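**Student:**
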Amino acid sequence: MLPAQASDRDAAPVGRMTVEGSDIICRGVVVARGPNLIVVLDTGETRIIIIISATTRFHGFRASWAALQANDRVVIVGQANGDGTVAAREVQVIGVSR
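Set out below in structure tokens:
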């Protein structure tokens, strides 16, 4: 798994995301993990920094932050931050790496 870099967070453009009410929904593949964050490559080939907190819930094929791996396919539901990151409320793992 590639490590997330501090520069990833600084340069994180907002990728192709769906807005439903006040929620941001983004879909993609996990390409990196760092302390309290994952980097997801969305369907438009944009890297999105996802912030994970103690209250983030995990569903699907991986039931925890520790089990999440590179190349897992995920759907993230959360709130957009002013810096272009997304604060995850829920992470659903819809496909796992082999």
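Counting from 1 along the sequence shown, just add 60 to a position and that's the residue number in the numbering used here. Glycine included, C-beta positions come from ideal geometry on N, C-alpha and C. Please read these numbers as outputs of a predicted model, since none were measured by experiment.
(1) Quick one: what does DSSP say G144 is sitting in, helix, strand or coil?
(2) Which word fits I154, buried or exposed, when buried means at least 16 other C-beta atoms lie within 10 angstroms of its C-beta?
(3) On the DSSP bridge assignment, give the partners of D102 in chain order.
(4) If contacts are defined as beta-carbon pairs under 8 Å, then I111 and A148 qualify, I think. What distance do you get, rounded to the angstrom?
(5) Along the beta strand (DSSP E) that carries R107, what are the first and last residues, could you check?
(6) Which residue marks the beginning of the beta strand (DSSP E) containing R122, and which one marks its end?
(7) Could you give the DSSP three-state label for Q129: helix, strand or coil?
**Tutor:** On the basis of the coordinates in this document:
(1) Your numbering for residue 144 matches position 84 in the sequence shown. Coil, per DSSP.
(2) Walking along the sequence shown from the start, residue 154 turns up at place 94. Under this definition I154 is an exposed residue.
(3) Position 42 of the sequence shown, counted from the first residue, corresponds to residue 102. DSSP output for D102 lists G88 as bridge partner(s).
(4) As a position in the sequence shown, residue 111 is number 51, starting the count at 1. As a position in the sequence shown, residue 148 is number 88, starting the count at 1. Indeed they touch by this definition, with Cβ atoms about 6 Å apart.
(5) If you number the sequence shown from 1, residue 107 lands on position 47. Residues R107 to I111.
(6) Indexing the sequence shown from 1 puts residue 122 at position 62. Careful: R122 lies outside any beta strand (DSSP E) and carries neither H nor E.
(7) Walking along the sequence shown from the start, residue 129 turns up at place 69. If DSSP states are grouped into helix, strand and coil, Q129 belongs with coil.
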